[in-house]
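Numbering of the sequence shown is given in UniProt numbering, commencing with residue 1 and proceeding in unit increments.
We put the CB at the ideal spot given by N, CA and C, even for glycine.
Please read all numbers here as calculations on a predicted model, not as lab measurements.
Step one of this worksheet: look at the structure below.
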Amino acid sequence: MFFKDRRDAGRLLAKKLARYRGTNAIVLALPRGGVPVAYEVARALKLPFDLMLVRKLGVPGHEEYAMGAIANGDVQVLNKDVIEDLRIPAQLIAAVAKRERTELERRNEVYRGGEGAPAVEGRTVILVDDGIATGADMRAAVAALGTQHAARVVVAAPVASYQACSELREIVDEVVVVATPVPFGGVGLYYLDFQQTPDAEVVRLRSETEVPTSWWH
Numbered sequence: 001m002f003f004k005d006r007r008d009a010g011r012l013l014a015k016k017l018a019r020y021r022g023t024n025a026i027v028l029a030l031p032r033g034g035v036p037v038a039y040e041v042a043r044a045l046k047l048p049f050d051l052m053l054v055r056k057l058g059v060p061g062h063e064e065y066a067m068g069a070i071a072n073g074d075v076q077v078l079n080k081d082v083i084e085d086l087r088i089p090a091q092l093i094a095a096v097a098k099r100e101r102t103e104l105e106r107r108n109e110v111y112r113g114g115e116g117a118p119a120v121e122g123r124t125v126i127l128v129d130d131g132i133a134t135g136a137d138m139r140a141a142v143a144a145l146g147t148q149h150a151a152r153v154v155v156a157a158p159v160a161s162y163q164a165c166s167e168l169r170e171i172v173d174e175v176v177v178v179a180t181p182v183p184f185g186g187v188g189l190y191y192l193d194f195q196q197t198p199d200a201e202v203v204r205l206r207s208e209t210e211v212p213t214s215w216w217h
């Protein structure tokens, strides 16, 4: 299955999430690729939309292969199988995490102007990305939500690996995807247009669907 682009994928994903239309849910996107997808989901479901800032910890030399991920609130999730298989030393993990933490802080300043995340207590949170391969990013996002007392956490993506979906179902209330190809290739293989989403597009889309002020910490 091929999606035309992320916006097209978001519209298809929204159909799978139709039961949340007009509820107290909030859609949180994993930048940058998840933002156009989540924007279409939020628009179709008439829900507030914002960002869940997460950074992948890529294996040096193979950055698209996740050995873990970090999220706001000093959250770090490690892919222990990858780390053990590749014998990645702790010092190297720490160095990559430090670099990605700097980028996470930069993005928070650029995308949010340094604001905090929206309050999610008692609400359904729909976490959206453009695809899920290992699931490390999503696990970090879920961990970051762990102390915020969301009523329900839903992970959603247009395409995901079967293994990642199985693992995520153990830690969230629901996983919603359009397609789970077997075998699973890279996320970009399922998009006709998979160009990188620029920072300016993230800022623009976020500004078009503002979260009510009463939802901020």
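Distances from the CA of V41 to each of A150, V178, G73 were compared; the closest alpha carbon is that of V178.
DSSP places R106 in the uninterrupted alpha helix (DSSP H) bounded by 90-112. Between N79 and G61, the gap from beta carbon to beta carbon reaches 9 Å or more.
An exposed status is given to T102, since fewer than 16 other beta-carbon atoms sit within 10 Å of its beta-carbon. Annotation for N24: R123 place their beta carbon closer than 6 Å to its own, counting only its chain and skipping 5 residues before and after. In the structure shown, the three-state DSSP call for E64 is strand. Within the DSSP secondary-structure output, F49 pairs in a beta bridge with V27. Residue pairing by DSSP places R55 opposite I70 in a beta bridge.
Closest by C-alpha distance to R11, out of K46, A140, R32, is K46. Of V37, M52, A66, R106, the smallest CA-CA separation from G186 is found for A66. The beta carbon of Y111 lies closer than 7 Å to those of P31, L51, V202, V203, R206 in the same chain, with the five residues before and after it left out. Annotated as distal: Y190 and D5, with beta-carbon spacing of 9 Å or more. With a 10 Å radius around the Cβ and a threshold of 16 neighbouring Cβ atoms, P181 comes out exposed. Each of I93, F3, V82, P89 was checked against the Cα of I70, and the nearest Cα belongs to I93. Closest in alpha carbon position to V54, among Q196, A140, V125, A200, is A140. Under the Cβ criterion (8 Å, minimum of three pairs), the region 163-173 does not count as touching the region 83-100.
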